[in-house]
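Its first residue numbered 1, the sequence shown is counted upward by one per residue in full-length UniProt numbering.
Yeah, the Cβ is synthetic: ideal placement off N, Cα and C, and Gly gets one too.
Quick notes on the structure that follows.
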Amino acid sequence: MSQRAGRYIKEVFGVQGDPDLWEDRRKRLALRKYGGLKSDIEAELNQDETDDCPSPSTKGFFAKTVWDQVKLGRITPFGSRTKDPSKAESSYDISHSINDSIDTGGNFNIQLHDINPLPIERHYQRTKFARVVSRTRRTIDETDDFRPYFTYWITATQFIIMVISICLYGIGNFDVTLYERVGLVLTESLTLDQVNVAEPGNIWFGPRPADLIHLGATFSPCMRVDESIMEEIAKDRKNEKANSGCCIRNDNSGCVQTTRDACSTLLSTFHSWTDGEGPEGRIYGPVCGQDPRFCVSPSSTAAHIWPDDISRWPICHKASRTDIGHPPHMTCELIGRPCCVGIHGKCEIRTEEYCRWVRGTFHLEANLCSQVSCLQDVCGMLPFIKSNKPDQIYRVMSSLFIHAGIIHFLITLCVHLYSMRDLEKMCGPTRMAVIYFGSGIVGNLASAMFVPFRAESGPSPSLFGLLACHIVEIMQAWSYLRRPGLALLKFSVITFLLIVIGFAPWIDNYGHIFGFISGFFLSLAFLPYTAFKLNLHRRVASVVSGVVVYILMLVVLLVVFYVIPFFDCELCRYLSCIPLTSDFCSVQNINLKKDKGIIL
């Protein structure tokens, strides 16, 4: 078993195997994608393929599919396919030519001059016959190439996920600027207020920003503890603990947890425990709809007494049923509960109607913002191991399967079918998967580090890794190619166009750059080198250097991302998105505006 594994690893890294077979695969890739081979190299390749064709005596594939068809009259040596053999024989007498063309050794040796087609049809028939031979030879060639299973699998998986995401979340606003919705919404003051909701559009014709994050897009606040966001959350909780109380309407129409400044002195009464006025000398509270004295589960008794700090109170799952003797903050109708809005973990006490209007997450089970984790609501996927401590590092992988929209997926599909499929035919699905995911992970990690507050989705870093592989292939096959400079220019133009696309929202050029670099070194390690049969030590050095550089890149990015992170770079934003309009690169958040642009 260990010997088999060792042979497999050596074959994957290209230090073991048939070098001539790899060289032929590389030449066929050059024929398909790099503008063809030099005339002498192409003639040598065609001669090798002709020598490999089986003779008619062996009933080989080539003889069976071409020359047996000729004998049956279904095709003519220079002509087209016909259903009536008699028609072909009326114009050609080919039986003696074929028999004379098979020597005593059983080898096929037909000559073009042995058969005399009609003069009028000669040019057309010769073209048709050459096409049959070329198609048959290409079929034989492909038996030596790998099947592009990984290309088809990853493309089909991405398509299915895109369809499911659109069915579940729908399509957001197709716009290059902020989209505003205006409506009258019932607020916690029990009045209908005009609320303007501004959120960025999606130029890729896909889901909204929050939905992409929920699906698994790369988003730094979901992958690590972001100090700036955590400071804001801690600040809000401290304010809720020190300054909030229960604001009860004088007409008994309802109550809401808020601060004294936000509670109307004319229409409501603000209840607050100060200077030890609360039960058991508590100074923080009260909380509308929740009191440790009237909660059955979990009860505040013995070793499980609820602390004075209301930000540490648990959610009361079951309260005492009777209202006799309960204080006003326990008998009033609660009209506001925690509502998570935006994508940065912001929590506000709002009505359910308001929360739905801004497309937030309404927590009917909670009474305080400190009892919910808005970041968990934003991120979705698997729950955090520790509450309010994001740890979804696997987003660097999951985002490779998610696209920002239909247009984004079509670009990926074109690159897969044009660039990735033929490359996989040469190197195989295992190597292709390693390069694809390896470059994608490094690119997404760099994107999360340099542009932490923007969600990025799609396999763009992996696509740049593929382009790097093609450039490495062109460099390695430079002496074979007919016009290597033109081939290099073609893929350089494709790379440039994709970088230009990276200046648009939802796609990041940092991921492109690091995906290209990592794909370059992975291709040096995993793409078989045609000259390793002449210099094995050089091939081993190439493998080791490529793997070591890739691992160093990954480790450095992880250390910077977690240990010594920097959270915001003003200049770094312009490499990720160029603000063509004032709102083109707006922060991917939901901004709530009321009256004359007041931010709530």
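Residues bridged to residue i by DSSP?
| i | result |
| --- | --- |
| residue 245 | 258 |
| residue 271 | 246 |
| residue 43 | The partner list for residue 43 (beta bridge, DSSP) is empty, contrary to what the question assumes. |
| residue 263 | Answer is none; residue 263 lacks a bridge partner. |
| residue 163 | Paired residue(s): none; residue 163 is not in a bridge. |
| residue 338 | 349 |
| residue 396 | Its beta-bridge partners do not exist; DSSP assigns none. |
| residue 290 | 287 |
| residue 295 | 319 |
| residue 186 | 192 |
| residue 362 | 339 |
| residue 386 | 389 |
| residue 456 | 218 |
| residue 37 | 481 |
Shortest alpha-carbon distance to residue i belongs to which of the options?
| i | options | result |
| --- | --- | --- |
| residue 606 | 38, 41 and 224 | Because the chain is modelled from 1 through 600, residue 606 falls outside the range shown and cannot be assessed. |
| residue 169 | 559, 282, 205 and 486 | 205 |
| residue 287 | 244, 325 and 159 | 244 |
| residue 279 | 160, 265 and 327 | 327 |
| residue 538 | 350, 235 and 525 | 525 |
| residue 348 | 409, 149 and 235 | 235 |
| residue 465 | 239, 264 and 416 | 416 |
| residue 565 | 434, 452 and 578 | 452 |
| residue 250 | 268, 41 and 242 | 268 |
| residue 319 | 330, 311 and 309 | 330 |
| residue 490 | 28, 35, 23 and 22 | 35 |
| residue 408 | 505, 427 and 481 | 505 |
| residue 513 | 459, 39, 541 and 548 | 459 |
| residue 41 | 480, 522, 556 and 549 | 480 |
| residue 575 | 550, 446 and 540 | 446 |
| residue 380 | 435, 423, 471 and 218 | 218 |
| residue 548 | 558, 522, 373 and 560 | 522 |
| residue 627 | 499, 471, 23 and 500 | Look at the range of the chain in this structure, 1 to 600, and you will see that residue 627 is not part of it. |
| residue 430 | 38, 151 and 23 | 151 |
| residue 494 | 194, 476, 412 and 258 | 412 |
| residue 437 | 164, 311 and 554 | 554 |
| residue 433 | 33, 149, 43 and 28 | 149 |
Is it buried or exposed for residue i, if we count other Cβ within 10 angstroms and need 16 for buried?
| i | result |
| --- | --- |
| residue 199 | buried |
| residue 157 | exposed |
| residue 294 | buried |
| residue 496 | exposed |
| residue 383 | exposed |
| residue 399 | buried |
| residue 273 | buried |
| residue 93 | No answer about residue 93 holds up, because its pLDDT of 46 lies below 50 and its placement is not dependable. |
| residue 20 | exposed |
| residue 106 | Low confidence applies here, because residue 106 scores a pLDDT of 47, under 50, leaving its location unreliable and the question unanswered by this model. |
| residue 317 | exposed |
| residue 473 | buried |
| residue 25 | buried |
| residue 527 | buried |
| residue 307 | exposed |
| residue 305 | exposed |
Our contact map puts residue i next to residue j with C-beta atoms below 8 Å; I'd like the distance itself, whole angstroms only.
| i | j | result |
| --- | --- | --- |
| residue 440 | residue 419 | The Cβ separation is near 15 Å, so there is no contact. |
| residue 255 | residue 333 | 7 Å |
| residue 395 | residue 216 | 6 Å |
| residue 450 | residue 572 | 5 Å |
| residue 444 | residue 511 | 6 Å |
| residue 201 | residue 175 | 3 Å |
| residue 310 | residue 284 | 5 Å |
At least one CB of chain B closer than 8 Å to the CB of residue i: is that the case?
| i | result |
| --- | --- |
| residue 564 | As a matter of chain content, chain B is missing from the structure shown, which is built from one protein chain. |
Among residues of its own chain, excluding the 5 on either side of residue i, which ones have a beta-carbon nearer than 7 Å to its beta-carbon?
| i | result |
| --- | --- |
| residue 212 | 402, 404, 455 and 457 |
| residue 112 | Its pLDDT being 44, under 50, residue 112 is placed unreliably in this model, and the value from its coordinates should be taken loosely. For residue 112, where only same-chain residues beyond five positions count, there are no Cβ hits under 7 Å. |
| residue 385 | 391 |
| residue 601 | Here the chain has residues from 1 to 600 only, and residue 601 is not among them. |
| residue 297 | 317 and 318 |
| residue 500 | none |
Looking only at its chain, what residues have a beta carbon closer than 8 Å to the beta carbon of residue i, apart from the 5 residues adjacent to it on each side?
| i | result |
| --- | --- |
| residue 371 | 313, 314, 315, 338 and 363 |
| residue 369 | 236, 237, 240, 338, 347, 348 and 349 |
| residue 562 | 224 |
| residue 190 | 249, 253, 254 and 335 |
Leaving aside the five residues before and after residue i along the sequence, list all residues of the same chain whose C-beta is less than 6 Å from its C-beta, in chain order.
| i | result |
| --- | --- |
| residue 180 | 196 and 198 |
| residue 355 | 339 and 362 |
| residue 585 | 577 and 579 |
| residue 520 | 468 |
| residue 478 | 484 |
| residue 345 | 229, 233, 374 and 375 |
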